[in-house]
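Novice: Heads up: the sequence shown at position 36 corresponds to 36 in UniProt numbering, and the numbers run straight through without jumps. Pasting a structure here, questions to come.
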Amino acid sequence: MKKILLVCSAGMSTSLLVTKMKEAAKAKGIEVEIDALPVAECSTAVESVDIVLLGPQVRFQKPTVEKLVNGRIPVEVIDMRLYGTMNGKAILEDALNKIN
């Protein structure tokens, strides 16, 4: 099972997006674990995921998170339009494409 971690400033704004992504995965019959955390709490969580998706509001943290994962997994910034419209289906598809 693939594991996706969404990271934002406080973990709150991504919670709705996590729900939308889980709904999209269920509709497609995809088994995936999706969680959200604030950037300040992601340092240990990145060890057990397949990709880290950063909310646009914390895109400046990408170099920091990339150092944490040490090239082991992709670290991507979520497209601002997709994030703003909470397009869980498209964000899920993008994440899975980057993992595979």
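Note that beta-carbon positions come from the ideal geometry of N, C-alpha and C, so glycine has one too. As the structure is a prediction and not an experimental result, all values here were calculated from the model.
Out of Arg81, Cys42 and Leu16, state which residue places its alpha-carbon closest to the alpha-carbon of Lys75.
Specialist: Mapped onto the sequence shown, residue 75 falls at position 75. The question names Lys, yet the displayed sequence has Val at residue 75. With distances taken between Cα atoms, Val75 lies closest to Cys42.
Novice: Per DSSP, what are the beta-bridge partners of Asp35 in this structure?
Specialist: The sequence position of residue 35 within the sequence shown is 35, counting from 1. Answer is Leu5.
Novice: So, do the stretch 10–19 and the stretch 81–98 have three or more beta carbon pairs nearer to each other than 8 Å?
Specialist: In short, these stretches touch, since the Cβ pair count reaches three.
Novice: Are the beta-carbon atoms of Cys90 and Leu96 separated by less than 7 Å?
Specialist: Position 90 of the sequence shown, counted from the start, is the residue given in the question as residue 90. Position 96 of the sequence shown, counted from the start, is the residue given in the question as residue 96. Checking the sequence shown, residue 90 turns out to be Ala, not Cys. No. Outside cutoff.
Novice: Where does Ile51 fall in DSSP's three states?
Specialist: Position 51 of the sequence shown, counted from the first residue, corresponds to residue 51. Ile51: strand per DSSP, three-state reduction.
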